[in-house]
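Undergrad: Take this structure first; my questions come after.
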């Protein structure tokens, strides 16, 4: 049972990483980078969504945020911290986003879901703060999802 849960989490992580690379967005803040991806919840396998308490629906999108830094050996690695934000639709309705921190081994990322209508331009205002860092890292980006 535990092996199956771990396999599901790894599948989610790999899936999120693939989406992040295919639709990568990032902003550089000197010592840190904030990376994000946005994709329809229907891209997730139903078992993976269930195992991670994520709802699959044509009107729900998923946001994946990672805070990265460069190690002393020059490798990019994820770091912990806090992420908060809000999303605004075409008619300026604002919804706050409740991010969940997920850690699997060395991987750390923050995910949340949001509701959208097909074709709506959604604007995200996200604030990330790495653990031990005294400054917020604000990012703003827009994205439109369509039903699959």
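Numbering (the working numbering), first residue to last: -16 to 131. Just so you know, even glycine gets a beta-carbon here, dropped at the ideal spot from N, CA and C.
Here's the rule I'm using: 16 or more other beta-carbon atoms within 10 Å means buried, otherwise exposed. How should residue 81 be labelled?
TA: It is exposed - the Cβ of residue 81 has fewer than 16 other Cβ atoms within 10 Å.
Undergrad: Do residue 109 and residue 47 have their C-beta atoms closer together than 8 Å?
TA: Cβ atoms of residue 109 and residue 47: not closer than 8 Å.
Undergrad: Are residue 10 and residue 17 touching if we call contact CB-CB under 8 Å?
TA: It is a contact, given that the beta carbons lie within the stated cut-off.
Undergrad: Quick check on residue 26: does DSSP put it in helix, strand or coil?
TA: If DSSP states are grouped into helix, strand and coil, residue 26 belongs with the helices.
Undergrad: To which residues of the same chain is residue 24 closer than 8 Å at the C-beta, ignoring the five residues directly before and after it?
TA: If we look at residue 24 and ignore the five residues flanking it on each side, its Cβ neighbours are 32, 37, 38, 39, 40, 43, 44, 45, 96.
Undergrad: In this structure, does DSSP put residue 83 in helix, strand or coil?
TA: Three-state result, residue 83: strand.
Undergrad: Where does residue 4 fall in DSSP's three states?
TA: For residue 4, the pLDDT reaches just 32, beneath the cut-off of 50, and the residue's location in the model is therefore unreliable, although a value from the coordinates is still provided. Of the three classes helix, strand and coil, the one that applies to residue 4 here is helix, per DSSP.
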